[in-house]
Each structure stands twice: as structure tokens, then as C-alpha cells.
Amino acid sequence: MSLQSLTSALFSEIQKPANLRTFTQTKTRYAALCGFESAHAVIDHLRDDRFDYASKEPISRALLAASQCEPGSFWRSLMLLAYYPMLVNIRAQIRSSVSGEDLDQLVMQGFLQALAVVHGESEGDNTSLRLRCRTRRYVFRGLREAQESEVFDVAPEHMVANDNSAKPLSRKPAALASCLHEHFDEIGKADRELVFRTLVEDESLRELANADAQNDNADPDRVYARLRKRRFRALANMREVITKKCVPELSAWRLFLLYNANPVACPNEGDKQ
1251 MSLQSLTSAL FSEIQKPANL RTFTQTKTRY AALCGFESAH AVIDHLRDDR FDYASKEPIS
1311 RALLAASQCE PGSFWRSLML LAYYPMLVNI RAQIRSSVSG EDLDQLVMQG FLQALAVVHG
1371 ESEGDNTSLR LRCRTRRYVF RGLREAQESE VFDVAPEHMV ANDNSAKPLS RKPAALASCL
1431 HEHFDEIGKA DRELVFRTLV EDESLRELAN ADAQNDNADP DRVYARLRKR RFRALANMRE
1491 VITKKCVPEL SAWRLFLLYN ANPVACPNEG DKQ
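When you read off a place in the sequence shown, starting at 1, and then add 1250, the result is the number in this note's numbering.
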């Protein structure tokens, strides 16, 4: 089902009497929702550019909490409708050989996965930005998996034209780790491990920074900023190495970086980078 078809169906769904009652009975548990008469009013408020971040953030946090804590699918459906413009924007930015509806499904699936892991309990959080960043990460991960057979199992023709012994590429962590340590000598070992742990193994950069700060009795925010700069430089150096070297094995990392959402593009996603 396409994004447009899904939203049409969800709008019809939330107007059913049972779901109208669900909103009325449940909104009293979330202060930010009490002033809204209907789910439609919430959606309109979040989609309206005339309202600023300060007025939208408490609502986003409340909806996120409800989608994670309340039974049934109503609140997740409401979140999909409220964030439909964001999902369309993410979808429009992707250029892929994956078919249109399959790509729509990846975007919807990525958003639902993001709803399950992003939390908005802190006053300083930018819930919308964090949902966007996490959704993009899951979408690009899904793209890598969907395109694995056509992208990673066969080395790009221009890189193996003179190498008849080239082996199929792999995106498995062990293979990526071996390639990382074998072909990126120019990058320090600590930086290579930082890239691998945060991108391939999907460890939280924030959690790594907090652990380092605790060990060194340092400011966690400063350590986090330093690690982000190190990772940014390491990725830039990796792309430079990949451009200069014509080694078939590097295709896996070249494409891994191509299809991986840029982690430095989301500076406010504090807890899960």
C-alpha cells in the first residue's frame, strides 16, 4: 500500500466511533492533549507551519508516549497521520531501484520502528528531529537489505573489470570489519573502531561518550562533541581512500557509506547517535 493510500485509510479509521471514544477517554492522561477536541485537531496543529516548535514539542512527546504505552494501534496511526508530510519528504529524497510501493513500505516501517525506540521525556528533546533521523536510519538500513542481492553480492563492473578472481562482496559485520582494518591503514585504529561500532554495530555514540566521560571524569557533552568530530573526519578520510584505491573489496564499504544515513546530519539526536 502506498503512503497516500495508507493515510486515506487511516483517516477513515480514526473517525470510527470506537476510536473517537479512545481519544476522548485517553487524552486526559496527557496534559498536552487535553485542550484538543479531536484527533483531527491534533493532526492539524502538528502539520500547521504557523505553530512553532515550542507549541508542537509537548504534543509530539505526548503522542509518542501514548503510541508506546497505550494498547491498540490508534495512537501509532495518529502519529503516522501527523507526521505524513515528514515521511513524504524522506521518501522524496531517496533515489533507489526499489519499486515505489516497496519504498513507501520501507518508509512506513522505518517510522514505526522509530516510534518504538525514540523517547521524548526530556524537556530539551526535539522529538520531531529525532524521529526523522531514526526513521531515515531504519529506511537506509532496509534499503541495504532490499538491495543486497543486486548491490553487495556482485561487485560493481567498473571495479572488477581487470580482476577475474574478485569474490562476491558481503555486508556482514565480520567482512566489513576485516576490510576496514586491512584497507584503511591511513585511519587510526581508534577511529576505525569508532566508525565500526557506531555504524555497523549500531552502538549509541552518546552512550560511548558517557562511558568515556565517566572513566576520565570529563564533561559528557564535550566528549560527545569530540567523538562526533573524530567520526566525521574518519568518514571523510574513508571516502577519500575509497576514491583513490581501485580495490574490489572496498566496494562493500563504498556502498555501505552510500546507503547509510549520514550520522552527522542530525546534531540534536542526542541519545541514540
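In this text, a Cβ means the ideal position worked out from N, Cα and C, and glycines have one as well.
Taking 7 Å as the limit between beta carbons, can you name the residues of its chain near residue 1362, skipping five residues before and five after? So the qualifying residues of the chain are 1326.
Just to check my reading of the structure: residue 1368 and residue 1356 have Cβ atoms closer than 8 Å, yes? What is that Cβ distance to the nearest angstrom? Between residue 1368 and residue 1356, the beta carbon gap of about 18 Å keeps them out of contact (Cβ cut-off 8 Å).
Euclidean distance between Cα positions of residue 1352 and residue 1359: When rounded, the distance between both Cα atoms is 10 Å.
Less than 8 Å between the C-beta atoms of residue 1477 and residue 1449, yes or no? Contact check for residue 1477 against residue 1449 fails: the beta carbons are separated by 8 Å or more.
Which value, in whole angstroms, describes the spacing of the CA atoms of residue 1337 and residue 1386? Pairing residue 1337 with residue 1386, the inter-Cα distance amounts to about 9 Å.
Segments of 4+ residues assigned as alpha helix (DSSP H) that fall wholly inside the region 1275-1302: Entirely contained in the region 1275-1302, the alpha helix (DSSP H) runs reaching 4 residues are, in chain order, 1289-1297.
Given a threshold of 16 other Cβ atoms within 10 Å of its Cβ, counted over all protein chains shown, does residue 1516 qualify as buried or as exposed? Because the pLDDT at residue 1516 is just 40, under 50, the model does not fix this residue reliably, and the point stays unresolved.
Could you check what DSSP says for residue 1432 in three-state terms: helix, strand or coil? DSSP places residue 1432 in helix when its eight states are reduced to three.
For residue 1303, count neighbouring Cβ atoms within 10 angstroms of its own Cβ and tell me buried if that reaches 16, exposed if not. Counting every other CB atom within 10 Å of its CB across the protein chains shown gives residue 1303 a total below 16, marking it as exposed.
Between the C-alpha atoms of residue 1441 and residue 1301, what's the straight-line distance to the nearest angstrom? Each residue's alpha carbon lies about 42 Å from the other.
Starting from residue 1355 and walking both ways along the alpha helix (DSSP H), at which residues does that stretch end? Residue 1355 -> alpha helix (DSSP H) spans 1350-1367.
Going by Cα to Cα distance, which pick from 1490, 1378, 1329, 1341 is closest to residue 1264? Comparing alpha-carbon positions, the option among 1490, 1378, 1329, 1341 lying closest to residue 1264 turns out to be 1329.
Looking at residue 1484: is its Cβ nearer than 8 Å to the Cβ of residue 1437? Residue 1484 places its beta carbon less than 8 Å from that of residue 1437.
On a Cα-Cα basis, can you pick out the residue from 1479, 1255, 1490, 1324 that is closest to residue 1290? It is 1324 whose Cα lies nearest to the Cα of residue 1290.
Inter-residue Cα distance where the pair is residue 1388 and residue 1274: Those two C-alpha atoms are separated by around 33 Å.
For residue 1467, three-class secondary structure by DSSP: Looking at residue 1467 - three-state DSSP - the assignment turns out to be coil, as it is neither helix nor strand.
Does the separation of the CB atoms of residue 1315 and residue 1280 fall below 8 Å? The answer is yes: Cβ separation under 8 Å.
Measuring CB to CB, does residue 1474 end up less than 8 Å from residue 1461? Taking 8 Å as the cut-off, the Cβ atoms of residue 1474 and residue 1461 do not count as close.
Can you give the Cα-Cα distance for residue 1312 and residue 1318, rounded to whole angstroms? Each residue's Cα considered, the two are about 10 Å apart.
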